Structure formats: C-alpha cells, structure tokens
Amino acid sequence: MADRRSLPVPDGLEGERLDAALSRLFGLSRTRAAELIVAGDVLVDGSPAAKSDRVHGGAWLDVLLPPPPSAPMPVAEPVPGMQIVYEDDDIVVVNKPVGVAAHPTTGWTGPTVIGGLLGAGHRVATSGAAERQGIVHRLDANTTGTMVVAKSEHAYSHLKRAFKERTVDKRYHALVQGHLDPLRGTVDAPIDRHPVGDGRWAVVAGGKESVTHYDTVEAFRSASLLDIKLETGRTHQIRVHMSALRHPCVGDMLYGADPTLAARLGVSRQWLHAVSLAFEHPTTGEWMSFTTDYPDDLALALELVAADH
Numbered sequence: 001m002a003d004r005r006s007l008p009v010p011d012g013l014e015g016e017r018l019d020a021a022l023s024r025l026f027g028l029s030r031t032r033a034a035e036l037i038v039a040g041d042v043l044v045d046g047s048p049a050a051k052s053d054r055v056h057g058g059a060w061l062d063v064l065l066p067p068p069p070s071a072p073m074p075v076a077e078p079v080p081g082m083q084i085v086y087e088d089d090d091i092v093v094v095n096k097p098v099g100v101a102a103h104p105t106t107g108w109t110g111p112t113v114i115g116g117l118l119g120a121g122h123r124v125a126t127s128g129a130a131e132r133q134g135i136v137h138r139l140d141a142n143t144t145g146t147m148v149v150a151k152s153e154h155a156y157s158h159l160k161r162a163f164k165e166r167t168v169d170k171r172y173h174a175l176v177q178g179h180l181d182p183l184r185g186t187v188d189a190p191i192d193r194h195p196v197g198d199g200r201w202a203v204v205a206g207g208k209e210s211v212t213h214y215d216t217v218e219a220f221r222s223a224s225l226l227d228i229k230l231e232t233g234r235t236h237q238i239r240v241h242m243s244a245l246r247h248p249c250v251g252d253m254l255y256g257a258d259p260t261l262a263a264r265l266g267v268s269r270q271w272l273h274a275v276s277l278a279f280e281h282p283t284t285g286e287w288m289s290f291t292t293d294y295p296d297d298l299a300l301a302l303e304l305v306a307a308d309h
C-alpha cells in the first residue's frame, strides 16, 4: 500500500534540486525520486514541480511513496556448475560459479546459492531474513569462488560473529590492468554508494571503513595478478579500490576497465576469484581452510595475458 507523506523541506536542503532532496529525505535513488516527480506523485506547496526545480526551506512537500518491495524468496532448483567443496552438519562450502547470486534480491531473476543448495537437497540454517537464510557473507553474482553457508543455527550465529569481528581469512586473486606501485600495499579508503546512484559504489568521504591488502603475485606486460586479503567486506570492495588506484580488474567495465583488453583475453566480467576462505569451525573450534581453482574463463585469460610478451 502506498504511503502518503507531508512535511516541510528542512532548512539544510535549501537550494537542492527536488530529486536530490527527495533522495536524501526518503533514502530513494535519484532515479526513483525523479520517476515519482514525473508521475505527479510529488507536490511542492500544493503544485506539481520539475525534478530540477530548487527547493526552499519550509516549502511544503506532499509525497506519495510506493510500498517497499517485498523480498523475493529463494527458488529451490539445482545450480549447474556449483560444486560442494566440503559439508558437515554445521556448514557447507561451495565453489560458486559465475552468474549466481548469494541469495535472492529485488530485481535479480537468476540462480542463487541458497536456491541451488535447497534444490539439491541440502539443509540450511533458518536464522536471518527468510530470503537469505544461512548466508553469512556474499560474493557478487559475477565473482566466482569459495563461499561458506551455515546449515545449523549455531553455525550461523558463530560465523556471522566471526565475519563481523574479522577473524575470517578471505583471500582473492584479481587480474588488474597495469602494474601497481608499490607492488604490495594496503588501500584504506571508505566506501559508500556512488553519488550518481547507478548501482556503483565508490570511495566516498564519510563512507564505511574499507581496508584491502594486496600483493603482486606476477606482473605481465599489460596486467598484474594480485593476491588480495580483505580486512573488511564491503559491496564491490576490491573492484572499487582497484578502480580508485586506476588499476581496475580486467573485464570490469562497470569500474572503468579497458574493453579492448577484455575482448582480447575473452573476459566478459571482472577477473576476480575468491580463491580461499579460512575460519574456525563453529563446533569443533578447528581452523579450517578451503581453496578453489579458477574457472575456465579466468584460467584461459591468465594464460593469454602470460603469453602476451
């Protein structure tokens, strides 16, 4: 059910564009705010307005907000190519293939790790929001590699705490454009949604603390293979930090990668693989480490870049 809101424009938004003011007031994207204005669902002092109109402190806003989208539920169906690396009563570790999201989200219609596990008859924890039961960390849909899912409620709470307290060792390999200087280092730069509001994230003052440690494994003529350890786990963190250094992941067109190089290497997504994951087992306390191989597309691209002298 739509929600009608009436309120004065705060003085702090004096002079802002109407779409930007709505975005800040209600947590909407600029695009969504503009759609509401165009649809006539926004009145300023009782009259329709344009998205580029400047607002004045004290002006009266009447806004018809759409109902929040309901969270989609997982569809239990096997996911081709998703390998079970390890499983016991508490956890299941998978090698996630490309094109698979961790759990259902609004706007995602493709396969999910949770749906794949349920479809193959695996039990997952029921803790957390219904659409992401058992999920204690995520990988982007087009980032492949090692991922753990909680099967028991005890494992869910233990692993959630371990990720929050940064006691999990998360390692990635990334093929990035050019050569980093220095060859090893740490990127400590806050991340938040990109101001443009187009789904990207960016290094933004006042964003959430984000720390990435990298080390060059091998430097090729046009690219470098990095071993990356994440201290924090922000959305798109490695992709954003590498782009901010002007060394985006090969194939990562969203963050400024060279499409010519990507085409030459046959890469149609970011060259980024969660190569290993290590953590304390939630029941036995044993330190466990899991490693997964590169998928075929990334392995072939690495061979090609290595042969490019």
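Quick note on the UniProt record's numbering: the sequence shown kicks off at 1 and runs consecutively. Note that beta-carbon positions come from the ideal geometry of N, C-alpha and C, so glycine has one too. Nothing here was measured: the structure is a model prediction, and the numbers come from that model.
Using 8 Å as the cut-off, can you tell me whether the stretch 189-207 makes contact with the stretch 142-162, which would need three or more C-beta pairs spanning the two stretches below that distance? no
What do you reckon, are the CB atoms on VAL93 and PHE220 nearer than 8 Å? no
State the DSSP-derived secondary structure class of residue 343, mapped to helix, strand or coil. Because the chain is modelled from 1 through 309, residue 343 falls outside the range shown and cannot be assessed.
If you reduce the DSSP assignment to three classes, tell me which class ASP89 lands in. coil
Selected residue, minimal CA-CA separation from ALA130, among MET73, GLU77, ALA174, VAL9: MET73
Outcome for TYR86 when other beta-carbon atoms lying within 10 angstroms are tallied against a minimum of 16: exposed
According to DSSP, which residues form a beta bridge with PHE279? MET288
Buried or exposed: ALA37, going by 16 or more other Cβ atoms within 10 Å of its Cβ? Checking the sequence shown, residue 37 turns out to be Ile, not Ala. Buried, since its Cβ has 16 or more Cβ neighbours within 10 Å.
Is ASP188 near the ligand FMN, with its Cβ less than 7 Å from a heavy atom? No copy of the ligand FMN appears in this structure; indeed no ligand is present at all.
Give me the residue from THR216, PRO48, MET288, SER29 with the minimum Cα distance to PRO66. SER29
Same chain only: Cβ atoms within 7 Å of GLY185, ignoring 5 sequence neighbours per side: TYR214
Through-space distance from ALA39 to LYS51, alpha-carbon basis: 11 Å
Please determine if the stretch 161-181 and the stretch 282-302 are in contact, where contact requires at least 3 C-beta pairs separated by less than 8 Å. yes
Run through the DSSP bridge pairs and tell me what THR167 is partnered with. Answer is none; THR167 lacks a bridge partner.
Evaluate THR196 with the Cβ neighbour count: other Cβ atoms within 10 Å of its Cβ, from every protein chain shown; 16 or more gives buried, anything less gives exposed. Residue 196 is actually Val in this sequence, not Thr. Its Cβ having fewer than 16 others within 10 Å, VAL196 is exposed.
By DSSP, does GLU153 sit in helix, in strand, or in coil? helix
Between ALA33 and LEU22, how many whole angstroms is the CB-CB distance? I'm expecting something under 8 Å. 4 Å
Candidates LEU64, ASP19, GLY27: which alpha carbon is nearest ASP53's? ASP19
Distance, MET242 Cα to ARG5 Cα: 41 Å
Taking DSSP as the reference, what is the three-state secondary structure of TYR294? coil
Between the Cα of LEU226 and the Cα atoms of ALA155, LEU265, HIS273, which residue gives the shortest distance? HIS273
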